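Down below is the structure, laid out as structure tokens.
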Amino acid sequence: MNILIVGPSWVGDMVMAQTLFQCLKQRHPQCEIDVLAPEWSRPILERMPQVRKALSFPLGHGVLELATRRRIGKSLAGQYDQAILLPNSLKSALVPFFASIPKRTGWRGEFRYGLLNDVRTLDKERYPLMIERFMALAYEPGAELPKPYPRPSLAIDPVTREAALAKFGLSLDRPVLALCPGAEFGESKRWPAEHYAQVAETKIREGWQVWLFGSKNDHSVGEDIRSRLIPGLREESVNLSGDTSLAEAIDLLSCADSVVSNDSGLMHVAAALNRPLVAVYGSTSPGFTPPLAEKVEVVRLGIECSPCFDRTCRFGHYNCLRQLMPPSVNDALGRLQGAPVEVQ
15 MNILIVGPSW VGDMVMAQTL FQCLKQRHPQ CEIDVLAPEW SRPILERMPQ VRKALSFPLG
75 HGVLELATRR RIGKSLAGQY DQAILLPNSL KSALVPFFAS IPKRTGWRGE FRYGLLNDVR
135 TLDKERYPLM IERFMALAYE PGAELPKPYP RPSLAIDPVT REAALAKFGL SLDRPVLALC
195 PGAEFGESKR WPAEHYAQVA ETKIREGWQV WLFGSKNDHS VGEDIRSRLI PGLREESVNL
255 SGDTSLAEAI DLLSCADSVV SNDSGLMHVA AALNRPLVAV YGSTSPGFTP PLAEKVEVVR
315 LGIECSPCFD RTCRFGHYNC LRQLMPPSVN DALGRLQGAP VEVQ
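With the sequence shown counted from 1, adding 14 to any position gets you the working numbering.
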């Protein structure tokens, strides 16, 4: 049985999609799973043992280009028994339709009748978690999801990890605190730089080193955090934001003894690497997309206006994050740590 997954467009969602792949393998141990997704997602998919192939999808988010979708669909014709669509858009249903895949499964959304022939109606109360909404597509409508739920787990190649350490001149002579201060969603997910800096200072004074991760857009906030450290401490931190590829960031995050992250894609990557993780929530809720790992501390204030799920604070104060002070995160790190975690 060959299954084509049309994957999501966000890092965290792609990590959580592994729960679906795991469920499919449990139901159909001999099935082969290919994932059609943006090229950036390849390093994630290549670290999922359940995935046979990552198929690069060349169109950006929101782009229609009907002729290109038809061409891709025709190129995949005759190769798959089922397609499962994780996005709810009409556009995401076009390639499986043009490929004439016999069974095309997905949640009802954006007038996809005809494009899908296994249309599900989502009960949000029954499936409050995103992973539940992914996993349910592996089973017949109305089926109970087996528990315990699978957790994402990314496989790391020690050779590529050593290469990344060497490339950036990093060593593991001291425990590593990884900080992930960015969030592509918007400012309402970003814990302030000055708070991250205080956490970094505390851990460096305890003998740790600090690695900052993120995209090119996060490089400036990484520099802001480092600039708040006094000379002598600043040298024990390194800003990797925008310098690493996603593959290198995943491999280097696997070395961390603890991680502090906003609700972001890298938070889900850290959880899938089973790193001890402090997840900082502001405008969003762990009740929908919690980090899925053994050692997780969620830190949030839960003030009256949160979660609002807005990209920017409608009141302009961002109090759900600004009033969440560093001692709360330091205390959470202390509860997680014990002895430094051995790199697997």
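Cβ coordinates follow ideal geometry from the N, Cα and C atoms, glycine included. Treat the numbers as computed from the prediction; the structure is a model and nothing was measured.
Look at residue i and residue j and say whether their C-beta atoms are less than 9 angstroms apart.
i: L291; j: S278; result: no
i: N288; j: G256; result: no
i: S89; j: L99; result: no
i: I244; j: Y210; result: no
i: V40; j: S167; result: First, the amino acid is wrong: residue 40 is Gln here, not Val. Cβ atoms of Q40 and S167: not closer than 9 angstroms.
i: V213; j: V173; result: no
i: G296; j: S320; result: yes
i: H282; j: G26; result: yes
i: F125; j: G87; result: no
i: I264; j: I58; result: yes
Classify residue i as buried or exposed, calling it buried when 16 or more other Cβ atoms lie within 10 Å of its own Cβ.
i: A353; result: For A353, the pLDDT reaches just 44, beneath the cut-off of 50, and the residue's location in the model is therefore unreliable, although a value from the coordinates is still provided. Exposed, since its Cβ has fewer than 16 Cβ neighbours within 10 Å.
i: M15; result: exposed
i: E318; result: exposed
i: G76; result: exposed
i: T298; result: buried
i: F2; result: Outside the displayed span of the chain (15 to 358) sits residue 2, for which this structure offers no information.
i: G348; result: exposed
i: L266; result: buried
i: P259; result: For clarity, residue 259 is Ser in the given sequence; the question names Pro instead. Answer is exposed; the Cβ neighbour count stays below 16.
i: E154; result: exposed
i: D345; result: exposed
i: K161; result: exposed
i: K203; result: buried
i: Q358; result: Confidence is the limiting factor: at Q358 the pLDDT is only 47, short of 50, which leaves the residue's position unreliable and the question unanswerable from this model.
Any idea which residues DSSP pairs residue i with across the strands?
i: P52; result: F71
i: S251; result: V224
i: T119; result: I98 and D132
i: E46; result: N16
i: S275; result: C194 and A293
i: E311; result: V292
i: V65; result: I47
If I follow the unbroken alpha helix (DSSP H) through residue i, where does it start and stop?
i: V294; result: Careful: V294 lies outside any alpha helix (DSSP H), inside the beta strand (DSSP E) at L291 to V294.
i: V29; result: V25 to M30
i: L350; result: P340 to Q351
i: L335; result: N333 to R336
i: P189; result: Segment: none, P189 is in no alpha helix (DSSP H) and carries neither H nor E.
i: G246; result: No alpha helix (DSSP H) holds G246; DSSP gives it neither H nor E.
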